[in-house]
Amino acid sequence: MNTISVSFMLNGEPVVAEAPETWTLLKVLREYFELTGAKEGCGVGECGACTVIVDGEAVNACLYPFPEVEGKTVLTVEGLAGRESLHPLQTAFLEHNGVQCGFCTSGMIMSAKALLDKVKKPSEEEIRKAIAGNICRCTGYVQIVESIKAAAEALDD
Amino acid sequence: MIDYEYKKPKSLDEVFTLMKAYGSASRVIAGGTDLMVTMRRARKSPGVLISLRGLEDLKYIRKDDAYHVGALATHRMLECSSLVRDELTALQEGAAKVGSVQIRNVATVGGNICNAAPSADTAGPLLALDAIVVLRGPEGERHIPLAEFFKGPGKTVRQRDEVLIELEIPLEMGGYGSSYWKHSRREAMNLPLVGIAAALHLTAEGLIDDARIALTVAAPTPVRALKAEEFLKGKTPERDVLVEAGKIASSPECCSPRDSLRCDAWYREEIIRVYVARMLALAVERAGNGGSST
Chain A
1 MNTISVSFML
11 NGEPVVAEAP
21 ETWTLLKVLR
31 EYFELTGAKE
41 GCGVGECGAC
51 TVIVDGEAVN
61 ACLYPFPEVE
71 GKTVLTVEGL
81 AGRESLHPLQ
91 TAFLEHNGVQ
101 CGFCTSGMIM
111 SAKALLDKVK
121 KPSEEEIRKA
131 IAGNICRCTG
141 YVQIVESIKA
151 AAEALDD
Chain B
158 MIDYEYKKPK
168 SLDEVFTLMK
178 AYGSASRVIA
188 GGTDLMVTMR
198 RARKSPGVLI
208 SLRGLEDLKY
218 IRKDDAYHVG
228 ALATHRMLEC
238 SSLVRDELTA
248 LQEGAAKVGS
258 VQIRNVATVG
268 GNICNAAPSA
278 DTAGPLLALD
288 AIVVLRGPEG
298 ERHIPLAEFF
308 KGPGKTVRQR
318 DEVLIELEIP
328 LEMGGYGSSY
338 WKHSRREAMN
348 LPLVGIAAAL
358 HLTAEGLIDD
368 ARIALTVAAP
378 TPVRALKAEE
388 FLKGKTPERD
398 VLVEAGKIAS
408 SPECCSPRDS
418 LRCDAWYREE
428 IIRVYVARML
438 ALAVERAGNG
448 GSST
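Protein sequence lines, in the order shown, are assigned to chains A and B. Under the working numbering, the very last position in the first sequence is 157; numbers go up by exactly one each time. Under the working numbering, the very last position in the second sequence is 451; numbers go up by exactly one each time.
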């Protein structure tokens with residue numbers, strides 16, 4: 001198994017990761033960078049718990065071959081908050097009970113972030129479509145949608 | 158542990174050189190949303206993965222003497238393209254129904270076609286829109302009608318040393334009205350139980366002068382319902398006519414759905430019968446508006 005060296009932007013910082021070329025982006029994030037916000041739920045692109053943003057688009061990190069991240073810009077949930085304050089999406093999820101067990105939360109927030117970066121005031125349908133690839137097994141979808149709506153309003157102010 | 162070498166060629170020539178060097182020990186990977194899963198489930202992999210993702214110049218949707226969709230165009234690009242939505246509506250609808258945003262952002266149309274799943278969501282629309290597959294190999298290019306491309310589940314006429322580089326859709330298809338219905342249990346992250354695509358063109362007098370119907374999960378490969386298409390030609394697009402076309406399309410003359418874990422053959426036949434008529438009606442409506450979806 002070859003170990004390769006890959007350079008990319010991670011949460012605003014230039015980084016170099018050295019890991020086996022068979023690893024996925026998710027494994028590199030969790031095991032090389034110890035960023036455990038993105039989770040492995042299903043490992044096959046069904047559940048969305050591993051969602052991160054690559055070059056502005058939400059992707060399943062569990063299906064993303066590590067070598068492909070060369071030169072790309074990656075944002076994980078750890079890159080959202082400022083030093084002193086949470087991101088409006090994180091605040092909204094707290095205030096609107098968008099978090100139950102929390103396993104899906106990072107992925108939900110990253111899917112929502114990718115949406116809100118493109119659509120300032122999404123309709124409920126647009127929100128639901130944007131998180132259709134994120135499964136919440138506590139089934140707290142209503143609160144999650146409300147959280148994203150609230151965040152959209154907060155960001156728009 | 159799954160082990161492989163991951164190659165990132167920068168040009169098609171490099172791809173051909175690698176394919177020749179590694180032969181049957183290699184596999185081409187594009188978006189990887191199927192292949193990464195297959196490798197993980199099967200716990201085995203080809204010795205070498207040859208990634209096409211560096212070939213950025215195969216990532217396009219454009220219109221000139223024909224509509225050209227590069228092999229690396231993602232489902233998301235098709236979904237969000239106003240050109241595709243307005244002029245090749247069924248293809249927009251098919252692409253938008255695949256997986257989730259995360260999947261559509263990376264999964265490519267070339268991959269959807271080369272995987273040749275009987276359920277491929279872009280296959281129905283592309284068949285109905287008369288797409289031509291452009292394959293390139295070390296010997297040159299081949300243009301093959303999509304209707305002749307599929308050979309069985311997971312099997313196509315693509316040779317080991319060839320790469321699908323583009324899907325070409327004849328310019329006149331822009332004047333057709335088209336539609337796609339994905340029949341599935343839920344909205345996202347689901348394969349179709351049946352997929353139905355229709356495209357048709359009306360004369361100035363409002364008669365059907367050409368019709369295409371494509372069915373997925375209705376046979377070992379995506380298929381055209383040729384007998385039903387024949388029946389429609391020259392007729393007025395009235396309800397009775399479209400209903401009759403649905404009956405023909407769902408008969409053994411046009412398809413051979415099977416019982417599977419996901420649903421029974423009789424149910425698939427019923428859905429084909431009902432939804433072929435509905436998709437034709439929608440295509441008629443859109444054709445009447447000069448092919449646009451609005």
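Think of the CB as a built atom: it goes at the ideal place given N, C-alpha and C, for glycine as much as any other residue.
Would you kindly report the start and end of the unbroken beta strand (DSSP E) that includes residue i?
i        : result
B/Gly227 : Ala223 to Gly227
B/Trp292 : According to the sequence displayed, residue 292 of chain B carries Leu and not Trp. Segment Ile289 to Gly294, the beta strand (DSSP E) holding B/Leu292.
A/Thr3   : Thr3 to Leu10
B/Tyr337 : Gly334 to His340
B/Val320 : Val320 to Pro327
B/Arg219 : Ile218 to Lys220
A/Val74  : Thr73 to Leu75
Taking the alpha carbon of residue i as the reference point, which residue from the options has its own alpha carbon closest?
i        : options                                   : result
B/Ala131 : B/Pro275, B/Asp318 and B/Leu209           : The displayed coordinates of chain B run from 158 to 451. Any statement about residue 131 of chain B would go beyond what the structure contains.
B/Phe307 : B/Val290, B/Arg299 and B/Pro295           : B/Val290
A/Pro20  : A/Asn2, A/Phe33 and A/Glu34               : A/Asn2
B/Gly211 : B/Arg198, B/Lys201, B/Arg219 and B/Ala228 : B/Ala228
A/Val59  : B/Glu213, B/Gly188 and B/Gly311           : B/Gly188
A/Val99  : A/Gly43, A/Asp156, A/Ile148 and A/Gly82   : A/Ile148
B/Gly453 : B/Ile301, B/Ala361 and B/Leu240           : Lying before the first or after the last residue shown, residue 453 of chain B is absent from chain B, which here runs from 158 to 451.
B/Asp278 : B/Glu362, B/Ser407, B/Met346 and B/Gly403 : B/Met346
B/Trp423 : B/Leu437, B/Arg435, B/Ser408 and B/Asn262 : B/Ser408
A/Glu78  : A/Ser111, A/His96, A/Pro65 and A/Ala38    : A/Ala38
B/Arg342 : B/Ala371, B/Glu410, B/Lys390 and B/Ile428 : B/Ile428
B/Glu244 : B/Leu350, B/Gly256, B/Tyr333 and B/Arg233 : B/Tyr333
A/Thr165 : A/Phe93, A/Ser106, A/Ile144 and A/Pro67   : Outside the displayed range of chain A (1 to 157) lies residue 165 of chain A, so it cannot be described from this structure.
B/Lys165 : B/Ile186, B/Glu362, B/Val194 and B/Pro302 : B/Ile186
B/Leu389 : B/Tyr224, B/Ala375, B/Gly445 and B/Ala406 : B/Ala406
A/Glu124 : A/Asn134, A/Ala114, A/Cys136 and A/Ile144 : A/Ile144
A/Cys47  : B/Ala230, B/Gly256 and B/Ala223           : B/Gly256
B/Thr231 : B/Asp421, B/Tyr224 and B/Gln249           : B/Gln249
B/Pro394 : B/Ala368, B/Ala382, B/Leu192 and B/Thr174 : B/Ala368
B/Leu286 : B/Ala371, B/Lys339, B/Gly268 and B/Thr174 : B/Ala371
A/Cys101 : A/Ala49, A/Ala154, A/Phe33 and A/Leu86    : A/Ala49
B/Met193 : A/Arg30, A/Leu86, A/Glu40 and A/Pro65     : A/Pro65
Just list the residues that DSSP pairs residue i with in beta bridges.
i        : result
A/Val52  : A/Val59
B/Phe307 : B/Thr313
B/Arg369 : B/Ala356
A/Pro65  : A/Thr24
A/Gly107 : Its beta-bridge partners do not exist; DSSP assigns none.
B/Arg299 : B/Leu292
B/Arg184 : B/Leu206
B/Leu418 : According to DSSP, B/Leu418 bridges with nothing at all.
B/Tyr163 : B/Leu206
A/Val16  : A/Ser7
B/Arg381 : B/Ala371
B/Thr231 : B/Thr265
B/Val431 : Per DSSP, none; premise fails for B/Val431.
A/Val44  : DSSP lists no partner for A/Val44.
B/Val351 : B/His340
With respect to the alpha helix (DSSP H) encompassing residue i, which residues constitute its N-terminal and C-terminal limits?
i        : result
A/Tyr141 : Tyr141 to Asp156
B/Cys271 : Val266 to Asn272
B/Ser239 : Ser239 to Glu244
A/Leu94  : Pro88 to Glu95
B/Ile405 : Arg396 to Ala406
B/Ile260 : Val258 to Val263
B/Pro282 : Ala280 to Ala285
A/Leu80  : Per DSSP, A/Leu80 belongs to no alpha helix (DSSP H) and is neither H nor E.
A/Glu31  : Where A/Glu31 is concerned, there is no enclosing alpha helix (DSSP H), given that its DSSP letter is neither H nor E.
B/Lys177 : Leu169 to Tyr179
B/Val194 : Leu192 to Ala199
A/Lys129 : Glu124 to Ala130
* Asked: Mind listing which residues of the segment 171-203 of chain B have their C-beta closer than 7 Å to chain A's C-betas, in chain order?
  -> Gly189, Thr190, Met193, Val194 and Arg197
* Asked: the segment 251-262 of chain B: which residues have C-beta closer than 8 Å to a C-beta of chain A, in chain order?
  -> Gly256, Ser257, Val258, Gln259, Ile260 and Asn262
* Asked: Looking at chain B, which residues of the segment 43-75 of chain A have a Cβ within less than 7 Å of any of its Cβ atoms?
  -> Cβ contacts with chain B come from Gly43, Val44, Gly45, Glu46, Gly48, Thr51, Glu57, Ala58, Val59, Asn60, Leu63, Pro65, Pro67 and Glu68.
* Asked: Taking three-plus beta-carbon pairs below 8 Å as touching, is the segment 66-73 of chain A in contact with the segment 7-14 of chain A?
  -> Look at the beta carbons and you see the segment 66-73 of chain A touching the segment 7-14 of chain A: at least three pairs across the two are nearer than 8 Å.
* **Contacting positions in the segment 131-148 of chain A - beta carbon closer than 7 Å to chain B** => Answer in chain order: Ala132 and Gly133.
* Selection of the segment 6-23 of chain A by Cβ proximity to chain B, strictly under 8 Å -> Cβ contacts with chain B: Glu21 and Thr22.
* To do: Decide if the segment 428-441 of chain B is in contact with the segment 353-362 of chain B; the criterion is three or more beta carbon pairs, one per stretch, under 8 Å apart.
  => yes
* Asked: Between the segment 339-350 of chain B and chain A, which residues of the former have CB atoms less than 7 Å from a CB of the latter, in chain order?
  -> Glu344, Ala345 and Met346
* Inter-stretch contact at 8 Å, needing at least 3 Cβ pairs: the segment 312-320 of chain B / the segment 412-426 of chain B -> no
* Select from the segment 210-232 of chain B all residues with a C-beta closer than 7 Å to any C-beta belonging to chain A, and list them in chain order. => Arg210
* Asked: Below 8 Å, can you find three or more Cβ-Cβ pairs linking the segment 318-329 of chain B to the segment 397-404 of chain B?
  -> no
* Do the segment 293-303 of chain B and the segment 161-178 of chain B meet, that is, are 3 or more Cβ pairs less than 8 Å apart? -> yes
* the segment 276-300 of chain B: positions lying closer than 7 Å to chain A by Cβ -> none
* Anything in the segment 312-336 of chain B with a Cβ closer than 8 Å to a Cβ of chain A? List those residues in chain order, please. => Residues: none.
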